[in-house]
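Chemist: Protein chains in written order, with this note's numbering: chain A, 4 to 138; chain B, 4 to 138. Virtual Cβ for every residue (Gly too), placed ideally from N, Cα, C. Nothing here was measured: the structure is a model prediction, and the numbers come from that model.
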DNA sequence: TTAAAGTATACTAAAAAAGTGTACTTTAAT
DNA sequence: ATTAAAGTACACTTTTTTAGTATACTTTAA
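1) Could you give the distance in angstroms between the alpha-carbon of residue 84 of chain B and the alpha-carbon of residue 100 of chain B?
2) Helix, strand or coil: how does DSSP classify residue 138 of chain B here?
3) Starting from residue 70 of chain B, trace the beta strand (DSSP E) both ways and give me its first and last residue.
4) Can you check whether the C-beta of residue 81 of chain A is within less than 9 Å of a C-beta belonging to chain B?
5) Enumerate in chain order the residues of its own chain whose CB-to-CB distance from residue 6 of chain A is below 7 Å, with the five nearest sequence positions on each side excluded.
6) Is it the case that the region 111-122 of chain A contacts the region 33-45 of chain A, given that we only count it when at least three CB pairs across the two stretches are under 8 Å?
7) One question on the structure: do residue 4 of chain A and residue 90 of chain B come within less than 9 Å of each other, judged by their Cβ atoms?
8) At a Cβ threshold of 9 Å, is residue 44 of chain B touching chain A?
9) If you reduce the DSSP assignment to three classes, tell me which class residue 5 of chain A lands in.
10) Go to residue 27 of chain B, then tell me how far its alpha helix (DSSP H) extends in each direction, as first and last residue.
11) Note down, in chain order, each residue of its chain lying with its Cβ closer than 8 Å to the Cβ of residue 31 of chain A, except the 5 sequence neighbours on either side.
12) Which chain B residues are close to residue 55 of chain A, counting only those with a beta carbon under 9 Å from its beta carbon?
13) In the DSSP output, which residue or residues are listed as bridge partners for residue 59 of chain A?
14) Which residues in the same chain have their Cβ closer than 8 Å to the Cβ of residue 56 of chain A, if we skip the five residues on either side of it in sequence?
15) Rounded to whole angstroms, what is the Cα-Cα separation between residue 74 of chain A and residue 17 of chain A?
16) Which ranges does the beta strand (DSSP E) cover as unbroken runs of at least 3 residues, wholly within the region 91-125 of chain B, from first to last along the chain?
17) Can you tell which of B:131, B:12, B:36 and B:10 has its C-alpha closest to the C-alpha of residue 76 of chain B?
18) Between which residues of its own chain and residue 97 of chain A is the CB-CB distance below 6 Å, once the five residues before and five after are set aside?
19) Taking 9 Å as the threshold (C-beta atoms), are residue 52 of chain A and residue 127 of chain A in contact?
20) For a contact meaning CB atoms closer than 8 Å, what does residue 5 of chain B contact in chain A?
21) Could you check the C-alpha separation between residue 119 of chain B and residue 23 of chain A for me, to the nearest Å?
22) Tell me residue 35 of chain B's beta-bridge partners as DSSP assigns them.
23) Quick one: which chain B residues come within Cβ less than 7 Å of residue 85 of chain A?
24) Is it buried or exposed for residue 136 of chain B, if we count other Cβ within 10 angstroms and need 16 for buried?
25) With 9 Å set as the bound, which would you pick, yes or no: does the beta-carbon of residue 48 of chain A sit closer than that to a beta-carbon of chain B?
26) Beta-carbon of residue 15 of chain B versus every beta-carbon of chain A: anything under 9 Å?
27) Please name the residue, chosen from A:121, A:65 and A:93, that lies closest to residue 29 of chain A on a Cα-to-Cα basis.
28) For residue 32 of chain A, return the contacting residues in chain B, with the cut-off set at a CB-CB distance below 8 Å.
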């Protein structure tokens, strides 16, 4: 019941970019150093984030990465989903066939977990990066 | 961001016992068979549940396990916590020293995740086994 | 007395997460 | 045009967690 370490790093990376503002370019080495994450792992995360268009990469000399949207348009949910995939608090919520007993469709537990999950997703989506910036 | 398979099984085991009602004894082999979980793994889970006093064990011939409380006094949160430990959606919520940068105390992300986690816990605690029983 | 039950602890296997290595391609500055 | 600073692609290894198993017990109703 945890977000991954990778998602945690991704949140910090987006927060770093949010502090600079949409469109401002910064290179991976700087982010890596400031956030205390190895360069290689930082690059891996940056690639996932740019593949899903949360950020944009700029190749070549003086390249780097920049935010595509404003910090008030990016939520914790957006970032976590890019890294960890869609939320699924139990395997049957990702894939109904995962139920050992093949009864996900009629299972009260399944239904209850689904409702809780929907509330969770809504909460994660409420938190935008603009409000996470330290003033 | 998932409950474990073990917690999922535990929920089904408590649900099985809930259907029988508080105090009604059933043996591990029957639970194992009905829930499609190996006997050994079932026993392991049953031991954790009885250690935390959600259920009671009865040794010897005609022994087994029974619920200690009524199904309306047991929540999903109770069962999940017994198996997976206290909720912690990020490592810094379990242990503040886990923060790579040592700033959990002042971190806005930490605070936001803590708030979301509290809401989640409340939702898991709202769901009692009495309401999960198929009528 | 015995066999049906649970107990305790440690072990192994499988899966997922975390992190790394190597060999690229692109592009601003010169 | 050349070069070096940047990002890209993808596969690999290590570590941690989860899932499941083995062996040798103890308790107790019949």
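Modeler: Looking at the atomic coordinates:
1) Counting from one through the second chain, the residue named residue 84 of chain B turns up at place 81. Counting from one through the second chain, the residue named residue 100 of chain B turns up at place 97. Cα-Cα distance, rounded: 22 Å.
2) Here residue 138 of chain B refers to the residue found at position 135 of the second chain. Coil, per DSSP.
3) Sequence index remark: in the second chain, residue 70 of chain B carries index 67 (1-based). Unbroken beta strand (DSSP E) run through residue 70 of chain B: 67-70.
4) Counted from its first residue, the first chain places residue 81 of chain A at position 78. It does not: the Cβ of residue 81 of chain A has no partner Cβ on chain B nearer than 9 Å.
5) Against the first chain, residue 6 of chain A aligns to sequence position 3. Cβ within range, chain order: 83 and 87.
6) no
7) Taking the first chain and counting its residues from 1, one reaches residue 4 of chain A at position 1. Taking the second chain and counting its residues from 1, one reaches residue 90 of chain B at position 87. A contact, by the Cβ cut-off of 9 Å.
8) The residue given as residue 44 of chain B occupies position 41 in the second chain. No, no contact with chain A.
9) As a working mapping, residue 5 of chain A is identified with position 2 in the first chain. The answer is coil: DSSP assigns residue 5 of chain A none of H, G, I, E or B.
10) The residue you call residue 27 of chain B lines up with position 24 of the second chain. Residue 27 of chain B -> no alpha helix (DSSP H), and no H or E assigned at all.
11) What you label residue 31 of chain A is simply residue 28 of the first chain in a count that begins at 1. 42, 45, 46, 49, 67 and 68.
12) Counted from its first residue, the first chain places residue 55 of chain A at position 52. Going along chain B, no residue has its Cβ under 9 Å from residue 55 of chain A, so there is no contact; the nearest lies around 17 Å.
13) Start at 1 with the first residue of the first chain, and residue 59 of chain A comes out as number 56. A:69, per the DSSP bridge assignment.
14) For the purposes of this step, residue 56 of chain A is taken as residue 53 along the first chain, with counting starting at 1. Taken in chain order, the residues that qualify are 71.
15) In the first chain, the residue the question calls residue 74 of chain A occupies position 71. In the first chain, the residue the question calls residue 17 of chain A occupies position 14. Roughly 9 Å separates the two Cα atoms.
16) none
17) The count along the second chain starts at 1 and reaches residue 76 of chain B at position 73. Per the Cα distances, B:131.
18) Residue 97 of chain A sits at position 94 when you count from the first residue of the first chain. Taken in chain order, the residues that qualify are 91.
19) As a first step, residue 127 of chain A must be located in the first chain, where it is residue number 124. As a first step, residue 52 of chain A must be located in the first chain, where it is residue number 49. Taking 9 Å as the Cβ cut-off, residue 127 of chain A and residue 52 of chain A do not qualify as a contacting pair.
20) Here the question's residue 5 of chain B lines up with position 2 in the second chain. Near residue 5 of chain B (Cβ distances below 8 Å), the residues of chain A are 4, 91, 92, 93 and 94.
21) By 1-based counting over the second chain, the position of residue 119 of chain B is 116. By 1-based counting over the first chain, the position of residue 23 of chain A is 20. Distance between the alpha carbons of residue 119 of chain B and residue 23 of chain A: 26 Å.
22) Here the question's residue 35 of chain B lines up with position 32 in the second chain. DSSP lists no partner for residue 35 of chain B.
23) For the purposes of this step, residue 85 of chain A is taken as residue 82 along the first chain, with counting starting at 1. None at all; the shortest Cβ gap to chain B is about 13 Å.
24) Within the second chain, residue 136 of chain B is the residue found at index 133, counting from 1. By the 10 Å Cβ count, residue 136 of chain B comes out exposed.
25) What you label residue 48 of chain A is simply residue 45 of the first chain in a count that begins at 1. For residue 48 of chain A, the answer is no, since every Cβ of chain B falls outside 9 Å of its Cβ.
26) On the second chain, position 12 is the one that residue 15 of chain B refers to. Chain A contact via Cβ: present.
27) Taking the first chain and counting its residues from 1, the one referred to as residue 29 of chain A is at position 26. The candidate whose alpha carbon is nearest that of residue 29 of chain A is A:65.
28) Start at 1 with the first residue of the first chain, and residue 32 of chain A comes out as number 29. Within chain B, no residue comes near residue 32 of chain A; the closest Cβ sits about 17 Å away, beyond 8 Å.
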